[in-house]
Each structure stands twice: as C-alpha cells, then as structure tokens.
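Sequences listed follow chains Y and D, in order.
So the number in the working numbering is just where the residue sits in the first sequence, counting from 1, plus 126.
So the number in the working numbering is just where the residue sits in the second sequence, counting from 1, plus 126.
Number of protein chains: 2
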Amino acid sequence: MRCGARPEDDEMTVTLADVAARAQVSPATVSRVLNGNYPVAATTRERVLRAVDELDYVLNGPASSLAAATSDLVGILVNDIADPFFGIMAGAIQSEIGGPGGRAGGERLGVVCNTGGSPERELTYLTLLQRQRAAAVVLTGGATEAAPHKAAMSAKLRKLADAGTRIVLCGRPPAPETGAFALTFDNRGGGKELTEHLIGLGHRRLGYIAGPEERTTTRHRLEGHRAALEAHGITEDPRWTVHGRYDRRSGYEATLELLRRDPSLTAVVAANDSVALGACAALRDSGLRIPEDVSVAGFDDLPFSIDAVPALTTVRLPLAEAGARAGRIAMGREEPPPGGIATVRGELMVRGSSGVPRG
Amino acid sequence: MRCGARPEDDEMTVTLADVAARAQVSPATVSRVLNGNYPVAATTRERVLRAVDELDYVLNGPASSLAAATSDLVGILVNDIADPFFGIMAGAIQSEIGGPGGRAGGERLGVVCNTGGSPERELTYLTLLQRQRAAAVVLTGGATEAAPHKAAMSAKLRKLADAGTRIVLCGRPPAPETGAFALTFDNRGGGKELTEHLIGLGHRRLGYIAGPEERTTTRHRLEGHRAALEAHGITEDPRWTVHGRYDRRSGYEATLELLRRDPSLTAVVAANDSVALGACAALRDSGLRIPEDVSVAGFDDLPFSIDAVPALTTVRLPLAEAGARAGRIAMGREEPPPGGIATVRGELMVRGSSGVPRG
DNA sequence: TCCTAGATAGAAAGCGCTTGCTGTAACGCT
DNA sequence: AGCGTTACAGCAAGCGCTTTCTATCTAGGA
C-alpha cells in the first residue's frame with residue numbers, strides 16, 4: 127500500500143493536485159484516470175494510479191458532486207427498518223445499487239432511511255436526499271393516503287424527478303404524474319385469495335386485523351378480504367374488523383378485542399405475519415387451539431412464519447426479487463416496466479395454521 | 127408554500143444567489159440565516175426565509191459540504207439489514223442521529239449500509255463514507271477476526287478518525303488505538319449465564335450451534351458457553367459444537383447434524399434466536415419434544431422469540447438502548463464512556479423452551 | 001459633541017473537483 | 001513531402017456554498 131516512510135504524506139488531507147504533482151501530470155488527467163471516462167495513455171494511467179496508491183488518496187465526494195452536478199448517493203426509504211419486511215427489500219435493493227460488492231462501474235452509496243411510517247419524516251428525508259442531489263431514490267412499502275400528505279409527496283417527487291433523480295416505488299402504488307416507476311404488490315389480489323382459501327375451508331365468520339388506517343397497504347389488503355366475502359355472499363359484521371399497527375403486540379391486543387366482540391369467530395386474518403403471530407399468542411393464551419378452534423392467516427411470508435407452530439398460512443410476497451428489480455431500475459440497469467408500472471403478485475402459502483372450522 | 131404564479135421559478139435549479147437577490151441581501155447573509163450561526167437582524171431573517179419559501183429553495187449539499195469541509199452524513203454499518211438484530215439497532219441509532227424527526231439542530235442524514243458480513247464490503251463502505259467526509263460512523267455487530275482484515279480496518283478507522291469523523295462501535299469489541307468509542311455487548315457473560323442455567327436444570331450433554339468462525343460474537347458466546355461447562359466440571363465432547371451462519375436454515379441443518387453425532391444430547395444452545403428457531407423446527411421434525419426431550423436456548427431475545435412455541439429461553443440484549451446511546455455519542459450529544467469503552471450486559475430470560483432433562 | 005464599541009451586512013477568496021476547449025505530437029494517407 | 005487525423009494532455013473556468021475580513025451604522029460614554 128504505502129511505504130510508510132514519508133512523513134509529509136500525513137501533513138493534511140491529500141488532494142487531487144497532490145496526486146497530480148506526484149504523478150507529474152495535470153489534475154485534469156488524474157480526474158480522468160479516476161473517472162475512466164476519457165482516454166488516457168496506459169503508462170500515464172499507471173503512473174497516476176501508483177501515485178494514488180502511494181499517497182493513499184481518497185476522492186473528495188462533495189467537491190466531485192459539486193463540480194459534476196451529480197452524486198453517487200441512492201436513497202432507500204423504508205417505513206420500519208426493524209421489520210424484516212423492509213429489511214429484506216432494502217437489502218436486495220442495496221445489493222443491486224452496487225455500492226461495495228456490486229458490479230463494476232458506478233460505485234454508489236445506497237443509503238437506507240427509516241421513516242418510522244411518519245409522513246413528515248418521509249418528506250424530510252426526501253428533502254435531505256434532494257439536497258444531496260441523490261442519483262436515485264427508492265421508496266418502499268405502502269404510502270399514507272391523507273390528502274395533504276399525498277399532494278406534498280407528489281410535488282416533492284416531481285421536483286426530484288425534474289432535478290434528474292430517478293424515482294422507483296417498490297411495493298407501493300403508482301404516483302401518477304411524478305415520473306416515478308412503480309413495482310406494486312398485488313395486495314388486493316393476495317388478500318382476496320387468502321380469504322377465499324379460508325372460505326373454501328368452510329369459514330363464515332372471519333375476523334380481520336387491519337393495519338393502520340390511511341395506508342394503501344392496509345386498505346388494499348382489507349379490500350381484497352371484503353371482496354372475497356362479498357363474492358361468496360358473506361355479509362360482514364362491522365365488529366369483525368379491528369385496526370392496529372403492523373406489529374405483534376397490536377395483533378395480540380386486536381385478537382383479544384375480536385374475541386370479546388364475537389367469540390364465535392372461526393378464523394382471524396391478519397394484516398401481516400407479525401400481527402398474525404401476535405394473534406396466535408392471544409388465541410393460545412385464551413385457551414384456543416390453532417387451527418382446530420380458530421384458523422389464522424398472515425401476509426408476506428417472512429422467514430419466521432414457517433417456524434410458527436403451527437406454521438403460518440400466508441401470502442408470499444417476492445420481497446427480495448422485487449427489491450432487486452427496483453434497485454436495477456433505479457440504477458438504470460434494467461428497462462422500466464411498460465407504462466412505468468408493474469404489478470407483482472403474491473403466492474398463497476397454505477400451511478398448518480388454517481383448517482376447517484370447528485363444529 | 128409557493129404562490130404558483132411565477133413561471134420563472136422553475137427555470138433552473140434555484141441557488142443561494144437567487145434567494146439573496148429576491149430577499150435583497152447578499153448571499154453571505156442567506157447562508158448565515160440558513161445556518162443560524164451568525165447574528166442576523168430579525169427583519170432580515172424574515173425576509174430571507176420568505177424568499178427561501180417562495181422560491182422553494184433547497185440547499186446544495188455537496189457545495190455546502192465542500193465549502194464547510196464537513197458533511198451531515200452519518201454512516202451506520204450493519205452486517206445484515208434483513209436481520210432484526212441489526213434493524214433494531216440501526217433504527218435506534220438513526221432516530222438519535224436526528225435526521226428527520228430528531229431534535230432540532232443539525233439535520234443529519236443517517237445512512238445505513240449493509241455489509242452482508244463481508245469484510246471487503248465493510249472496508250469499501252468505510253472508504254465511501256470517508257469520501258463523503260461523513261460526520262460520524264457507527265459500526266454495529268461483531269467484527270471479523272482474520273488478521274489482515276483486522277489490520278486494514280484499524281488503519282481505515284484511524285484514518286477516518288484523523289479526518290475528524292467520530293467513530294462509535296455498537297455491539298462490537300473495542301478497536302484499540304483507532305480513536306473509536308465502543309459499546310460492547312457482554313457476549314461471553316451472557317453465554318456463560320445461559321449455559322449455567324441449563325446446567326442448573328440438570329443438563330450434562332449440551333450441543334452448541336455456533337455462528338461463523340472468525341467473528342468476535344461467535345467466539346465470545348462460545349467461550350462463555352465453554353467457561354460454564356468447565357466451571358461445572360463438564361468435559362466437552364468436540365462433536366457437540368457445530369459452526370454455521372446466523373440464520374434459521376443454518377440452525378435447522380446444524381441441529382440435524384448434532385442429533386446425528388450424538389442422539390443423547392439433552393439441550394441445544396444456539397448462537398442466536400434465529401438459529402434457535404431453526405433448531406426447534408429440526409427437533410420437532412425429528413419427533414422430539416421441547417423441552418421434554420431436548421431443551422433449546424437462543425441469544426438476543428428478538429421480538430419473535432417470545433412467540434416461539436414454547437417461548438424461547440434466551441439472553442436479552444438491550445439493542446435499542448445501546449443503539450440509541452451509540453447514536454447520541456456519535457452526535458456528540460452524550461459523554462462517551464470513561465476510557466472510551468463500555469460493556470453492555472445481557473439479561474437471561476428463562477422461558478418455556480428450557481426444562482429439566484429427560485430420563 | 002466626538003469617539004469607541006457593538007451589531008449587522010457585504011465583498012471576495014477560496015473549498016477540490018470536472019470538463020470544454022485548446023494545444024501538440026505522432027500517425028497514416030495521397 | 002504535405003496535410004488532415006487521431007490520441008493525449010493541459011489550461012482555466014467554473015460548480016454553489018462558507019467564512020474571514022472589512023465596511024457601515026447606531027448607541028452609548030466621556
């Protein structure tokens with residue numbers, strides 16, 4: 127690496143000019159060697175690279191971004207980084223973004239930002255990324271539907287797109303007129319299929335633990351559920367739906383509430399797998415067997431879902447695949463879907479937590 | 127926000143100078159208003175802020191970083207972003223970093239980078255962060271112990287620290303002479319306590335599913351386990367230890383292997399909770415009951431561990447608390463621990479997956 | 001009343017890099 | 001031999017912001 131016997135190296139941070147001086151070339155040439163976007167004679171390049179190595183030079187990112195009017199930052203927005211649902215997508219996106227380990231060429235810094243599901247934070251992060259002149263931004267997970275926020279988001283996304291930032295929505299509904307590409311999960315279809323499976327088993331009284339209100343994911347999954355009920359002539363009792371957060375705790379409490387409202391329920395459909403796990407715990411604590419007394423179903427098919435006892439019936443979403451594709455699109459390495467929108471379907475996974483209703 | 131009837135706004139990206147012109151002040155004044163680090167008359171500030179708003183101005187981050195020689199990026203390195211172990215820490219760190227939603231003042235961009243456990247990627251990410259002149263870097267999770275990588279890391283961290291980047295290690299052993307602060311988990315102590323609990327229950331033949339070799343976390347937990355065995359006069363059979371990855375799949379396979387090697391084992395201690403879940407699945411699939419036939423123990427106490435059936439006996443690590451503290455230290459908002467090093471202890475959580483041995 | 005200090009605002013010099021344009025050899029062609 | 005090319009390399013002008021230093025003005029104090 128470095129020969130270590132050159133005290134003057136450490137005087138200050140090394141600049142392009144220092145490298146140029148050592149390699150006996152102009153700064154321009156060093157820049158071109160580093161960026162590899164201009165012909166440089168092999169011997170010169172060699173000399174420059176040696177100097178870079180000897181001086182242990184690290185490019186000044188901000189300066190570079192300023193001069194080139196582009197940065198190598200790619201933002202990844204997630205609702206909850208502690209939730210594997212987002213972790214898996216983010217990991218897949220980031221690995222395609224390149225960053226380290228990615229294929230050659232643009233060594234980009236994929237940065238994941240945790241909005242905690244808060245619309246304001248989402249907006250603030252977008253501003254921060256805009257400020258950094260991010261090369262691309264990938265937004266994952268459902269969106270908030272409150273009108274003011276929706277409008278603000280649209281405006282912000284449009285502005286980002288105008289500034290040349292590529293926008294990709296992954297697992298989120300399309301944002302019309304923002305220039306964003308969308309990979310949308312078919313939450314409605316999945317929800318419908320799941321409930322139809324339960325109905326097919328003979329269930330007629332199904333509780334539903336929905337996610338937070340005003341979120342697209344929540345609404346779509348619930349709509350699918352209701353569509354299934356309706357398609358089979360089942361009239362839904364308003365008491366059968368409870369809203370909560372997308373976590374285990376919420377599932378536990380909601381299930382208790384559901385049981386209180388109508389003890390005759392024979393199935394509980396949860397907004398996602400974590401919620402379903404909480405539901406299972408609540409049922410067990412209430413002395414009910416799964417699926418003999420009550421069937422349970424989740425959504426997403428996160429890795430731990432198969433380890434539940436009994437294993438969770440759920441809808442598998444190809445999180446990693448979708449993330450990878452979103453990452454490639456963000457990097458301009460894959461053709462965006464026709465019309466800018468693609469629907470990604472889930473797959474029903476029937477496992478032990480669902481069975482024929484009791485009695 | 128903006129009155130919308132000024133087509134000239136959108137001509138090009140708005141700069142500080144544009145704002146200055148509109149507010150009838152010099153660019154210097156605008157900068158000062160925005161940074162709030164210099165006295166500006168209230169009426170002037172007012173005028174400037176109005177102009178900022180009207181023009182919808184967004185600071186150019188790279189330019190700002192270049193001129194000020196500092197950036198508002200804070201890097202968070204994790205081994206596996208899809209693993210809640212890291213997700214929880216990263217979330218806690220990021221929320222303290224400020225970023226959006228954080229308390230007032232420096233609005234920093236906390237970026238989490240997924241190394242996938244690869245030493246090279248780790249190094250590359252550090253270089254990328256160095257290039258961006260990151261304000262701070264938090265490294266989470268165990269470190270790789272291979273000598274060359276260790277040396278390279280040390281050098282890199284020292285260089286970062288020299289450049290003014292604050293370095294915090296969270297859940298990772300101290301890195302001597304690098305100027306890094308460390309919040310280290312007491313993996314050894316936790317491992318020892320866990321195994322002692324099992325021994326106390328009467329177990330004498332315990333299998334151990336360790337993590338990948340050459341990682342500090344793996345080694346420390348294993349050392350604790352062995353210390354407990356030794357302290358109780360139990361001679362370990364080499365066949366009782368199997369190495370694998372930190373995931374469920376690995377736990378499943380390792381358990382099968384363990385059972386093959388010695389069917390008389392009465393307990394299986396796993397490197398972490400995910401592995402333990404895999405172990406449970408393997409035991410069940412082998413027709414063994416937990417804990418009647420074989421006891422199982424995990425490590426970390428991730429949220430889903432309590433939902434295992436039976437609930438997992440494990441060691442709780444205060445992931446969120448440690449992350450939050452690491453974040454505050456990184457931001458200079460909390461005094462670093464004396465000596466730059468603090469040990470964070472785990473807490474034994476005895477639950478249903480461990481019981482007295484059969485026979 | 002004159003002078004000094006305190007409070008603001010502006011001028012201008014960079015920060016370290018990229019890139020359009022301008023040389024200047026060496027090459028191949030007629 | 002003469003000339004258009006091609007292949008490199010350098011010059012120098014910024015990119016948009018921060019910050020030091022200087023200028024101005026007002027308010028006290030002697």
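Quick reminder that beta carbons are idealized off the backbone N, C-alpha and C, glycines included.
Within the region 404-422 of chain Y, the residues whose Cβ lies closer than 9 Å to any Cβ of chain D are, in chain order, 404, 406, 407, 410. Setting aside the 5 residues that flank it on each side, residue 299 of chain Y is surrounded in the same chain by 310, 342, each with a C-beta closer than 6 Å to its C-beta; the list follows chain order. By the Cβ-count criterion, residue 224 of chain D is buried, with 16 or more other Cβ atoms from all chains shown falling within 10 Å of its own Cβ.
Per DSSP, residue 240 of chain Y is one residue of the beta strand (DSSP E) stretching across 235-240. Note on geometry: alpha-carbon atoms of residue 403 of chain Y and residue 138 of chain Y lie some 56 Å from one another.
Chain Y places a beta carbon closer than 8 Å to that of residue 257 of chain D, counting this residue as a contact.
Three or more beta-carbon pairs drawn from the region 308-326 of chain Y and the region 462-477 of chain Y are found closer than 8 Å, and the two stretches are therefore classed as touching.
Counting only the Cα atoms, residue 292 of chain D lies some 29 Å from residue 161 of chain Y. Per DSSP, the continuous beta strand (DSSP E) segment holding residue 201 of chain D begins and ends at 199-204. Comparing alpha-carbon positions, the option among Y:187, Y:332, Y:392 lying closest to residue 352 of chain Y turns out to be Y:332. Comparing alpha-carbon positions, the option among Y:400, Y:450, Y:221 lying closest to residue 209 of chain Y turns out to be Y:400. Residue 207 of chain D sits in coil when the DSSP states are folded into three classes, being neither helix nor strand. Collapsing the DSSP output to three states places residue 473 of chain D in a strand. Comparing alpha carbon positions, the residue from D:253, D:266, D:192, D:177 closest to residue 448 of chain D is D:266.
For residue 183 of chain Y, the three-state secondary structure derived from DSSP is coil. Under the 8 Å criterion on CB atoms, residue 430 of chain D is classed as interfacial with respect to chain Y.
Pairing residue 395 of chain D with residue 273 of chain D, the inter-Cα distance amounts to about 28 Å. With a threshold of 8 Å between beta carbons, residue 310 of chain Y makes no contact with chain D. Looking at the DSSP output, residue 426 of chain D sits in a beta bridge with D:442. Counting along the chain, residue 140 of chain Y sits inside no alpha helix (DSSP H), nor does DSSP assign it H or E at all. Between residue 145 of chain Y and residue 178 of chain Y, the C-beta spacing is below 8 Å.
Beta-bridge analysis with DSSP links residue 292 of chain Y to Y:262. Per DSSP, residue 354 of chain D is one residue of the alpha helix (DSSP H) stretching across 342-357. Between residue 254 of chain Y and residue 235 of chain D, the beta carbon gap of about 5 Å places them in contact (Cβ cut-off 8 Å).
Proximity of chain D to residue 233 of chain Y at the Cβ level (cut-off 8 Å) is accounted for by 250, 254, in chain order. Less than 8 Å separates the beta-carbon of residue 371 of chain Y from that of residue 338 of chain Y. Residue contact check for residue 144 of chain D against chain Y: no CB pair falls below 8 Å.
Taking the C-beta atoms as reference points, residue 148 of chain Y is found nearer than 8 Å to residue 181 of chain Y. In this chain, the alpha helix (DSSP H) harbouring residue 323 of chain Y covers 313-327.
In this structure, DSSP gives residue 177 of chain D a helical state, which the three-state scheme calls helix. Collapsing the DSSP output to three states places residue 421 of chain D in a strand. Counted as a single uninterrupted DSSP element, the alpha helix (DSSP H) harbouring residue 377 of chain D occupies residues 374-387. Residues of the same chain with a CB within less than 8 Å of the CB of residue 450 of chain Y, apart from the 5 flanking positions on each side, are 218, 219, 221, 222 in chain order.
Using a Cβ-Cβ cut-off of 7 Å, residue 185 of chain D is close to 257 of chain Y, given in chain order.
When Cβ pairs closer than 8 Å are counted between the two stretches, the region 450-463 of chain Y is seen not to touch the region 419-435 of chain Y, the count staying below three. Take residue 481 of chain D, set aside five residues on each side of it, and the residues of its chain with a beta-carbon closer than 8 Å to its own are 327, 417, 418, 421, in chain order.
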